[in-house]
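Remarks on the structure that follows.
There are 2 protein chains.
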Amino acid sequence: MQKTNSPFNCDFYHLTMAQALFHDGKHDEDTTFELYVRKMPFKGSYLVTAGLADALEWIRDWKFTQQHVAWLKTHGLFSDGFLSMLEGARLSVDIDAIPEGSLAFPNEPILRVRGKAWQASIIESALLNILNGQSLIATKASRVVTAAGLDGQKRSVLEFGLRRAQDDGGLMPSRAAFVGGADATSNVEAGFRYGIPVKGTHAHSFIMQYGNGEEMAAFRAYAKAMPKNAVFLVDTYDTLQGVQNAVTVCRELGVTLGGVRLDSGDMAALSIKARQIMDEGGFPGAKVFASNDLDEHTIRDMVTKLGAKIDVFGVGTQLVTAADQPALGGVYKLKSVAGIPLIKLSETPEKTTVPGDTDVLRLFTEEGGKRRFLGDTIIPASANFPAEGALETALTSRHPANGESVSYPAGTRFTRLLTPVVRNGKPVNGHMEKPLTDIRQNALENVAALPDEARVFHEAWPYPTGLSEELYGLRETLIKKLRAPAPALTPKGA
Amino acid sequence: MQKTNSPFNCDFYHLTMAQALFHDGKHDEDTTFELYVRKMPFKGSYLVTAGLADALEWIRDWKFTQQHVAWLKTHGLFSDGFLSMLEGARLSVDIDAIPEGSLAFPNEPILRVRGKAWQASIIESALLNILNGQSLIATKASRVVTAAGLDGQKRSVLEFGLRRAQDDGGLMPSRAAFVGGADATSNVEAGFRYGIPVKGTHAHSFIMQYGNGEEMAAFRAYAKAMPKNAVFLVDTYDTLQGVQNAVTVCRELGVTLGGVRLDSGDMAALSIKARQIMDEGGFPGAKVFASNDLDEHTIRDMVTKLGAKIDVFGVGTQLVTAADQPALGGVYKLKSVAGIPLIKLSETPEKTTVPGDTDVLRLFTEEGGKRRFLGDTIIPASANFPAEGALETALTSRHPANGESVSYPAGTRFTRLLTPVVRNGKPVNGHMEKPLTDIRQNALENVAALPDEARVFHEAWPYPTGLSEELYGLRETLIKKLRAPAPALTPKGA
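These protein sequence lines map, in sequence, to chains A and B.
Note that the first sequence ends on residue 498 in my numbering; no numbers are left out.
Note that the second sequence ends on residue 498 in my numbering; no numbers are left out.
Here it is as structure tokens:
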């Protein structure tokens, strides 16, 4: 999905740093970085991860050409030795990641990159760009989909955001919204490229083209041309008269009324009346669509408080720009060099990193094939747990900032979240080829396995995440060691 | 810049509407749409237009292939007749637009499209996607650049947003930020592709790789490898000690200290002390860079209230996501069919459209080669004004909602804003080939020509825009005509 899978999708400082490491003979040191999110977006408790397939495609195609190197030479900053290393280089990193459409929580590695220092560093910004953007929108979509079903009824969510998306062509938001649970998109190219179902009716301009007040003529033309998709935008003049006109036209032409779309006014109240008009008109199967600057909060109110008879929500701007938090603050931090775990302290306790290479255990129960997540524990990557299993002994999980602990008894089931996705620069295990419908299904099942309190929209209950005793101990030891001898050298800042 | 210049960059309803018009014989009617913004973003008074070159490239390449049509056929909604018209079609619209890097104000046509109804309609979403996104970020950048110079001093603004941009590869935001006045980007691909200057120093991880507390060793390595770019991130441990270390290392190695970057803490206070350390250390030419979640408001405070000694601001997330208003609400509205001006009423007076095909006169004075804009007047496209000139008689401009008028005396100079950019589907007059530096220069000069009160960040003084008497009269007549006979048919909604 990258506009070009160019190795130049990096910040300039990655190149200047790489040259400095190169001339100091440190560029090939065995180094680990991890990508994670410190704070969940939208005051929620979880993140739906998305974008892995695109990140892997970018990794696969990574290569500095002669043309790239020639352009860099024009800056007068880079040495011939460094540039010839660049041109000859192949990306040889190993990457382990949480599969796309999974959940992640604060400080959990979504992606762990291990390899030569300069290579593990130079891919930072592309990985952040792809995973921050897509995970942000997928999470927003998940919230909107949750809102639409808060009363237990199944309703559809359509993504309508192309015209106001920040991504050109709106492909990233359409893909990510589908991963997060949207049912379809209005974006035809996204449908064509990713197989996302596409939906749409007509615009106000279509009605206006028939002349002022000539709504029936426009409806007739539309119903004749689209008998299998006879959904009408009814608020160009008078909404309820529009609903009646849609019913009349469909009866007259013998077309099944697919539904009506409301795009202004008190949509909950109008939906109730529209429902009644369509039922009485002989179209109980016709649907009520609603659109107009919707988000999870307005949808929740319509569904839970206002008794709206809406079957399908069309959500655009608020979804595709994640309007209430338009950036996900994912970071990419150095975890170890030559096997030595590093820590970065901060005056803000939450910003002090978890040292060394890590992985995550997700603890769960399963009844009748249905998982319920209990909590997550970050462990050293070297810890001896299989990919899936049951705890042999009890596991204690400590909150990194306040030390509070939760204990999971022996026998508690778990999955280990990180899995190999790249080996020696090559994507492995088919994560790039996974159908988007499977990734979406994965996301929906994961969100369904959350405790209900973790799906609340504001001040959500923080899903229990902590560090294993071993990791907590290592972190405390490193903090003490660094703070003790030279307080003036305490690292701080972002 | 589009990921693909695909005709499928549209909403699905454009296709269903096109088929309905086709079967009703109305698809080829001569139709005009205009793209405009009702409300200026960020509570400001102006918009910097950007994205035209990319829009024109998309228009130029527009073509439904056999593959597109075959995919549409699978939906079972489209007739063979319609599909074969699609496949054979060439885009034959005419487009007039405000050149890129110009200013636009509420309700002014940024782009006017005239052509066959189905074609003028089907290009809506791509145009909105491109122009909304780029104009939003260019405007944000313009505000940031204004903030950085509020005390009359020249400071640089660097765009650092790749990692948290919503656009994949961050190309759109980097391009648009440069158009709006940013001096450089950290995004290497944007530099490579568009010729935007690229800048960067190093990250915290570079320091950490040298081991805890070994900042001097890291600085030495960087200074040796980058003697022409010796700018150091100094806040990994202790900021002011870091500044001193940078000075020491550069003196020791005989390298000219380029500057230091502050990325945390009380940056105004730190910058004053850093300035002093560098001056006393013999590097009065070294610059202070600052980054860390900056926007126009934090920069304004640093520059005007806190006496910060900062020379360069690195601005990332807040700029490239336009965080305080992540979507520009540009719209694309039907203005006339077969030469008959149309109007769309709304209960919200600001949403009632200006009828018919329009253009804009920008009135200005010029002293010593320096323009000062006085106000804008929207006129009928057919009005008899040259592209540039002086008023032959006085011009009255009326506010569309409240009717208040401003009068410009005969002799007042003006430019007419819309200019042909596409004829019969082909880009004309070189708007696609204009160097980005020229577009940026145009934007900077335009913003400089604004009255000072129109550059205020909040509650900005609304720059005077109105309708010519002729257009105001036409609008009033149409409103009366529509409101009188059939109030139940009053159009409303968005």
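Yeah, the Cβ is synthetic: ideal placement off N, Cα and C, and Gly gets one too.
If you're wondering where the values come from, they're calculated on a predicted model, not measured in any experiment.
Notebook entry, point to check: By Cβ distance below 7 angstroms, which residues in the same chain neighbour GLY173/A in space, the five residues on each side in sequence not counted?
Noted result: GLU193
Item checked: Inter-residue spacing [alpha-carbon to alpha-carbon] between ALA188/A and PRO45/A -> 23 angstroms
Notebook entry, point to check: Do the region 360-374 of chain B and the region 63-73 of chain B meet, that is, are 3 or more Cβ pairs less than 8 angstroms apart?
Noted result: Too few Cβ pairs lie closer than 8 angstroms, so no.
Check: What does TRP75/A touch in chain B if you count any residue whose Cβ is under 7 angstroms from its own?
Finding: PHE196
Next item on the list: May I have the straight-line CA-CA distance separating ALA152/A from GLY429/A, to the nearest angstrom?
Entry: 41 angstroms
Note to self: Taking a contact to mean a Cβ-Cβ separation below 8 angstroms, would you say VAL238/A touches VAL247/A in this structure?
What the structure shows: yes
Notebook entry, point to check: Buried or exposed: LEU19/A, going by 16 or more other Cβ atoms within 10 Å of its Cβ?
Noted result: buried
Check: Name the DSSP bridge partner or partners of ASP270/A?
Finding: Paired residues: none, contrary to the question.
Note to self: By the DSSP assignment, the alpha helix (DSSP H) with ARG197/B in it spans what residues?
What the structure shows: Residues 192-198.
Next item on the list: Check distances from the C-beta atoms of the region 11-40 of chain B to those of chain A and list, in chain order, the residues that come in under 8 angstroms.
Entry: PHE12, ASN13, CYS14, ASP15, PHE16, TYR17, HIS18, LEU19, THR20, MET21, GLN23, ALA24, LEU25, PHE26, HIS27, ASP28, LYS30, GLU33, THR35 and PHE37
Next item on the list: Count the other CB atoms, across all protein chains shown, that sit within 10 Å of the CB of PRO491/B; report buried if there are 16 or more and exposed otherwise.
Entry: Confidence at PRO491/B is low in this model, with a pLDDT of 45, below 50, so its placement is unreliable and no value can be given for it.
Next item on the list: Counting only the same chain and skipping the five closest in sequence on each side, list residues whose C-beta sits under 6 angstroms from that of ASN136/A.
Entry: LEU332 and GLY334
Notebook entry, point to check: What residue from HIS403/A, ALA145/A, ALA453/A and ARG167/A has the CA that sits closest to GLY372/A's CA?
Noted result: ALA453/A
Next item on the list: Could you confirm whether any beta carbon from chain B is found closer than 8 angstroms to the beta carbon of PHE293/A?
Entry: no
Next item on the list: Ignore the nearest five residues each way along the sequence and tell me which others in LYS277/A's own chain have a CB closer than 7 angstroms to its CB.
Entry: LEU244
Note to self: Taking 7 angstroms as the limit between beta carbons, can you name the residues of its chain near ARG405/B, skipping five residues before and five after?
What the structure shows: Checking the displayed sequence, the identity of residue 405/B turns out to be Ala instead of Arg. Answer for ALA405/B: PRO353 and GLU354, listed in chain order.
Margin query: Assuming SER295/B and PHE164/B are in contact, meaning their beta carbons sit under 8 angstroms apart, how far apart are those beta carbons, in whole angstroms?
Written below: 6 angstroms
Check: How many whole angstroms separate the CB atoms of ARG459/A and THR150/A, which I take to be in contact at a CB cut-off of 8 angstroms?
Finding: The Cβ separation is near 6 angstroms, so the contact holds.
Margin query: Whether or not the region 429-441 of chain B and the region 9-16 of chain B are in contact is what I'm after, with contact meaning three or more pairs of Cβ atoms, one per stretch, closer than 8 angstroms; do they touch?
Written below: no
Note to self: Based on DSSP bridge pairs, tell me the residues matched to SER340/B.
What the structure shows: THR36/B and PRO345/B
Next item on the list: Starting from LEU226/A, find everything on chain B with Cβ-Cβ shorter than 8 angstroms and list it in chain order.
Entry: This sequence places Tyr at residue 226/A; Leu is not what is there. Residues of chain B with a Cβ closer than 8 angstroms to the Cβ of TYR226/A are, in chain order, THR20, MET21 and ALA24.
Check: List, in order along the chain, the chain A residues whose C-beta lies closer than 7 angstroms to that of GLY174/B?
Finding: ASN133
Margin query: Checking 8 angstroms against the spacing of the C-beta atoms, do ASP155/B and THR308/B come in under that value?
Written below: yes
Margin query: Please report whether the beta-carbon of GLN70/B lies at a distance below 8 angstroms from any beta-carbon of chain A.
Written below: no
Check: What's the gap between the Cα of VAL161/B and the Cα of PHE16/A?
Finding: 15 angstroms
Next item on the list: Mind listing, in chain order, the continuous beta strand (DSSP E) runs of no fewer than 3 residues lying wholly within the region 68-135 of chain B?
Entry: Fully enclosed beta strand (DSSP E) runs of 3 or longer: 98-101 and 115-120.
Notebook entry, point to check: So, LEU51/B versus SER178/B, is the Cβ gap smaller than 8 angstroms?
Noted result: no
Notebook entry, point to check: Apart from the five residues on each side of it in sequence, which residues of its chain come closer than 8 angstroms, Cβ to Cβ, to PRO468/A?
Noted result: Counting only Cβ-Cβ distances below 8 angstroms, and skipping sequence neighbours, we find LEU378, GLY379, ASP380, SER401 and VAL410.
Item checked: Contacting residues, own chain, Cβ-Cβ under 7 angstroms from THR8/B (five flanking each side not counted) -> none
Note to self: I need the straight-line Cα distance from ILE134/A to GLU61/A, nearest angstrom please.
What the structure shows: 11 angstroms
Next item on the list: Check whether the region 111-130 of chain A touches the region 431-447 of chain A, taking contact to mean three or more Cβ pairs, one atom from each stretch, closer than 8 angstroms.
Entry: Judged by Cβ distances under 8 angstroms, the region 111-130 of chain A makes no contact with the region 431-447 of chain A, as fewer than three pairs qualify.
Notebook entry, point to check: What are the boundary residues of the beta strand (DSSP E) that includes GLY294/B?
Noted result: The amino acid at residue 294/B is misidentified as Gly; the sequence shows Ala. Here the beta strand (DSSP E) through ALA294/B covers 291-295.
Next item on the list: Can you have a look at HIS31/A and say buried or exposed, based on whether 16 or more other CB atoms are within 10 angstroms of its CB?
Entry: Per the 10 Å Cβ criterion, buried.
Notebook entry, point to check: Are the CB atoms of LEU3/B and LEU131/B nearer to each other than 8 angstroms?
Noted result: Nothing about residue 3/B can be reported from this structure: the residues present for chain B run from 5 to 498 only.
Checklist line | ASP456/A - DSSP class collapsed to helix/strand/coil | finding: helix
Notebook entry, point to check: Which same chain residues, not among the five before or five after GLU392/A, have their C-beta less than 6 angstroms away from its C-beta?
Noted result: THR419
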